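Contents: one structure, followed by commentary.
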Amino acid sequence: MAEVATEQQILDGLADIIDEIVGIDKSEVTPDKNFIDDLDIDSLSMVEIAVAAQDQFGVEIPDDELRNLKTVQDVINFVQKLQS
Amino acid sequence: MSTSQTRVVVTGLGATTPLGGDLPSTWSALLAGESGIRTLDWEGVEDLPVRFAATLKVQPDAVMPKQNLRRLDRNQAIALIAAREAWASAGFAAPTGGKGQKGMERPGVDGGFTVDGERLGVVLSSGIGGLHTALNSYDVYREKGWSRVSPFTVPMLMPNGASGHVGIEFGAMAGSHALVSACASSAEAVGYAIDMIRVGRADVVICGGTESCIHPLQMASFGSMRAMSTRNEEPARASRPYDKNRDGFVLGEGAAVMILESEEHARARGARVHGFASGAGYSGDAYDIVLPDPSGAGQAKAMQRALKDAGLEPTDLVHINAHATSTPAGDVAELASIKAGLGEEAARGLVVTATKSMTGHLLGGAGALESIFTLLALRDGVVPFVANLEDLDDEVDLDIVRDEPRKLADGPAAALNNSFGFGGHNVSVAFERAL
C-alpha cells in the first residue's frame, strides 16, 4: 500500500489479517482491544500477524517495537506514524 | 490370561485414513475390499518413479478450521482428528485438565464421563514427523528470507508434535510420549500405553500413531531405495501382499488412535469395551538398518514375547494382522517367522491378513491402525481379506484370507498385530476378545 492509509483502512486491514491467522471475527477487532488479554492471541501468532501487517502496510516493525504494540490502537498509531 | 496384573481394555477408537474420514467408514471400506490408493496429480509428478499413493479420503480442512491448520503439520492435524473421534467414542466429557490451546476446540460428549487429567496419558507416534513443514518452510526461507518462516515451524516439524498437541487438547498430565521406531512406531505406542496403565502411571491413555509424508522428496527417497511398487498404471492394484506379482509397498498417510483404560476404571464407569489390549512383545534384529534379518529370529521373538506378556499360548491365537507390506522378500519371510515363533501347529490354526493391500503403508501410523483392525476382527468376528491377491506366491503355506472376509468362531479368541520398522525394530501386540 503506497499511499497513506486512514485509521479505518488500517483497522480493516488488521482485522482481516487477524481473522486469517487466528480466526477471530472482524467485529471483535476494535481499537481498544488488547491482543493478549482481550483477543487471546499468543506470542507466536503475534509474530505472524506483525509480519503480515508489515507486508500489507509497507512498514517495518522491529522486534523491540512489537513488544510495545499491545492494543489494536497501538498498531494503528504506529503504522500511521511511519507512513506519514 | 494374566491374573497377577491390571488388565487393559480398549474403550475408544478413531481414525482418518485413505479409506475414510473416520473409523466406521474405514472399517466398512476395508471389509468391502476397497482401495485407498490413488494417482497423484502433482505438477512435475512425471519425473518421479512412483506416481501414486494412499492419500487421505477426507482432507483435514473439511473438518478443521484453516486457522488451526496454519499451526499444525498435516500429521498433527490428523492425529487430533482421530483423537477427537476416539475421545468421543469412549464417552468422555470435554476435557478438564490443563487449559487447552488458544483458538482450538476441546470437544466432549454431553453428560459424558469426566476424565481426571492427572490420571490421563498420551502415547502418540509419528515415524517421520513434520516432513511437509520442514520442506515447505525451507522453500519459504529460500524464496522470502528467514523473517517469513512461520514461528510455528519448530513445533510443527518435531516428531513429538502430535503427542504434544493431543496432550494439551485433552489435558493429559500423567505424561505425553512419542516413541519413534519407523514403521513399528505406533505399535510400540500401544505397548507403552498398556505398560503405563499396568504400572499405575495412568488410568486412561490416548495412544496411536500418525503419518503424513506423501511429498515428492519422500517419493524420490523410497523410490531411490527401489522399495515401492511402480505399478503406475494400476494404483489400486499395486499393493498385493503374498501375490506372485507384488513389487513393493505403497506409501500411505493417516492417523489411528485408541483409548486404553484399566479394566477396573472402564467397568466402574460402565464403558463399552471393544476388547483387551493384552500385551506387547519387542525385539531388535541388530542386523541391518533397513533389511530385516533373513533368519526371522527377531520377528519370531517379538511374537513369542507378546504372547508371554499377555499370558497367552500360541494355540490361543485365531488371527494375525501381518506387517506384510507387499515387498517380494518381506511378506514370505514374515510367514516363516510366524511358524518359527508360534510353532507349525499354532501357525496353521490361525488366519493371516494384510490390510496394507487397501490402506497402503502408513509407516508410523500403521501399527496403531492395524492394531485397531486386529481388535475389530476379534470384536466383530470377521477378518478382512487381502486385496489384489490373484496369484498366490508358491512359498505361502499359511491360511491367508483372500477373495472375501473370513468369519471367526464365537468364544475366546486372541490375535496379534505385527509391525516391523527400519532399524530392526520388531513389535507384536496381542489383543483378546471381550466376552
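Chains as they are written, first to last, in numbering that gives the first Met the number 0: chain W, 0 to 83; chain R, 0 to 434. Glycine residues also receive a C-beta, built at the ideal position from the N, C-alpha and C atoms. Note that this is a predicted model, so its numbers are computed, not measured.
So who's on the other strand from residue i, going by DSSP bridges?
i        : result
R/His176 : R/Val122
R/Asn425 : R/Ser282 and R/Phe419
R/Phe51  : R/Thr38
R/Arg401 : R/Val385
R/Ser470 : Examination of residue 470 of chain R is not possible in this model, given that chain R is present from 0 through 434 alone.
R/Glu431 : R/Phe275 and R/Ala413
R/Phe248 : R/Met227
R/Asp242 : R/Leu391
R/Phe91  : R/Phe112
R/Val350 : R/His318 and R/Asp398
R/Thr15  : R/Ala254
R/His131 : DSSP lists no partner for R/His131.
W/Thr70  : W/Asn33
R/Gly208 : R/Ser124 and R/Ala255
R/His360 : R/Leu250
Strictly under 7 angstroms for the Cβ-Cβ distance: is residue i near chain R by that measure?
i       : result
W/Val74 : no
W/Met0  : Low confidence applies here, because W/Met0 scores a pLDDT of 48, under 50, leaving its location unreliable and the question unanswered by this model.
W/Gly22 : yes
W/Val78 : no
W/Asp41 : yes
What separation, rounded to the nearest whole angstrom, lies between the Cα atoms of residue i and residue j?
i        : j        : result
R/Asn320 : R/Leu334 : 11 angstroms
R/Val8   : R/Val114 : 16 angstroms
W/Ile9   : R/Trp41  : 38 angstroms
R/Arg347 : R/Arg245 : 23 angstroms
R/Val382 : R/Ala31  : 11 angstroms
W/Asn33  : R/Arg266 : 48 angstroms
R/Leu250 : R/Gly35  : 11 angstroms
R/Leu39  : R/Gly363 : 21 angstroms
W/Ile48  : W/Ile17  : 7 angstroms
R/Gly340 : R/Glu394 : 18 angstroms
R/Leu55  : R/Gly13  : 14 angstroms
R/Gly129 : R/Tyr137 : 12 angstroms
R/Met227 : W/Val28  : 51 angstroms
R/Val256 : W/Val58  : 46 angstroms
R/Val122 : R/Ala81  : 14 angstroms
R/Ala353 : R/His322 : 7 angstroms
R/Gly170 : R/Ala93  : 10 angstroms
W/Leu81  : R/Arg69  : 29 angstroms
W/Leu13  : R/Phe151 : 20 angstroms
R/Tyr140 : R/Pro154 : 17 angstroms
R/Met157 : W/Thr5   : 42 angstroms
R/Ser294 : R/Ser336 : 8 angstroms
R/Gly43  : R/Val49  : 12 angstroms
R/Gly97  : R/Thr358 : 35 angstroms
R/Ala28  : R/Gly380 : 16 angstroms
R/Ala456 : R/Thr10  : Absent from the model: residue 456 of chain R. The displayed extent of chain R is 0 to 434, so no value can be given.
W/Val89  : R/Ser220 : Absent from the structure is residue 89 of chain W, since the part of chain W shown begins at 0 and ends at 83.
R/Gly283 : R/Gly297 : 6 angstroms
R/Leu178 : R/Ala367 : 12 angstroms
R/Arg405 : R/Thr5   : 32 angstroms
R/Arg474 : W/Asp41  : One cannot answer for residue 474 of chain R here, as it falls past the ends of chain R, which runs 0 to 434.
Which residues in chain R sit within 7 angstroms of residue i, going by Cβ to Cβ distance?
i       : result
W/Glu47 : Ser149 and Pro150
Taking C-beta pairs closer than 9 angstroms, name the residues in chain R that residue i reaches, listed in chain order.
i      : result
W/Val3 : Neighbours of W/Val3 on chain R: none; closest Cβ ~24 angstroms, over 9 angstroms.
Within the 7 angstroms Cβ cut-off, does residue i reach chain C?
i       : result
R/Ala89 : Reference to chain C is not applicable here, since the protein chains of this structure are W and R.
In chain R, what lies closer than 8 angstroms to residue i by C-beta?
i       : result
W/Val28 : Result: empty, since nearest Cβ-Cβ is about 14 angstroms, beyond 8 angstroms.
What are the residues of the region 94-124 of chain R that lie near chain W, defined by any Cβ-Cβ distance shorter than 7 angstroms?
Lys101 and Gly102
For the region 141-173 of chain R, which residues have a CB atom closer than 9 angstroms to at least one CB atom of chain W, in sequence order?
Ser146, Arg147, Ser149, Pro150, Phe151 and Pro154
Listed in chain order, which residues of the region 64-76 of chain R have Cβ atoms closer than 9 angstroms to some Cβ of chain W?
Pro64, Lys65, Gln66, Asn67, Arg69 and Arg70
Residues of the region 50-63 of chain W with Cβ closer than 7 angstroms to any Cβ of chain R, in chain order:
Val50
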